[in-house]
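Residue numbers for the sequence shown, in my numbering: 1 to 103.
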Amino acid sequence: NHIKHLFNYILSHNNNNSFTHHLKFICTYLNEQEMYHSLQQLQLFMNDFTNAAITSIKLFTLNRTTYLDLFEKRLNYLRNALECFQQGKIDTEQTMMKIQRYR
């Protein structure tokens, strides 16, 4: 519940991207510590869908025991990765359209 309040605070006070630099360092730390669930939540909060997808793929392969385990219990991570990649594609297309409008 504290994280939710922190994210709301950042959203309301990040008008000049003052937190972005710090959030990227937190992402690096979470990745180094292999805290992938927390990392992915932060990446999604930052709308960093491509890296969130890569993190989801890491979660898919993390601590696997058998190929059956990957398929039966971890397939949702690959579905999540696909959704993140698709959202990243949509965001990129929207950004490209905005850039072309201003040219």
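Built from N, CA and C at the ideal position, the CB exists for glycine as well.
Here the structure is a predicted model, which is why all the values come from computation and not from measurement.
CA-to-CA, the gap between R64 and C84 works out to about 22 Å.
In this structure, the beta-carbon distance from K4 to Y36 does not fall below 9 Å. The beta carbon of L23 sits closer than 7 Å to those of L42 and M46, all from its chain and outside the five residues before and after it, given in chain order. Per the C-alpha coordinates, the member of I90, I54 and L44 positioned closest to F7 is L44. Exclusion of the five residues before and after Y77 leaves S56, I57, L59 and F60 as the residues of its chain whose Cβ lies within less than 8 Å of its Cβ.
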